[in-house]
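Residue numbers (UniProt numbering): 1 to 120.
All C-beta atoms in this analysis are idealised placements derived from N, C-alpha and C, irrespective of residue type, glycine included.
Keep in mind the model is a prediction, meaning the values are calculated, not measured.
Notes follow once the structure below has been shown.
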């Protein structure tokens, strides 16, 4: 008789999901971030130091930033920022990203993506 959680998604929620998915698929590196977050700054600096372009979505600059976080939580299992995506895949937060870099695995992921985007 009542609404189940799966059917109570409003249009604005669907639009936000589309915006997130579109951003992730259209960009090689996407960081969902907040301007005041130290871990977010660390993740962005990591890509800057490697001269890798990234798209940062600063959630605290959006009126519906908490809605973005709710959807990212459903997509990734975590609500904290940063949420880092490379080549359409979620790789984790700042410490996960840094660990991949220390293991020498971050740049190859970015290069895979950059190779893909140069063919279009």
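Looking at the secondary structure, which residues open and close the alpha helix (DSSP H) in which residue 76 lies?
65-76
Quick check on residue 103: does DSSP put it in helix, strand or coil?
coil
Residue 93 burial status per 10 Å Cβ neighbour count (16 or more: buried):
buried
Nearest neighbour of residue 109, chosen from 59, 83 and 87 [CA to CA]:
87
Where residue 92 sits in the DSSP three-state scheme:
strand
Using a 10 Å radius around the Cβ and a threshold of 16 neighbouring Cβ atoms, would you call residue 45 buried or exposed?
exposed
Considering only C-alpha positions, which residue in the set 47, 21 and 114 is nearest to residue 98?
47
By the three-class DSSP mapping on this structure, what secondary structure does residue 135 have?
This structure leaves residue 135 out entirely; the chain is present only between 1 and 120.
Do you know offhand how far residue 16's Cα is from residue 81's?
17 angstroms
Counting pairs of beta carbons, one from the region 67-80 and one from the region 47-56, are three or more of them closer than 8 angstroms?
no
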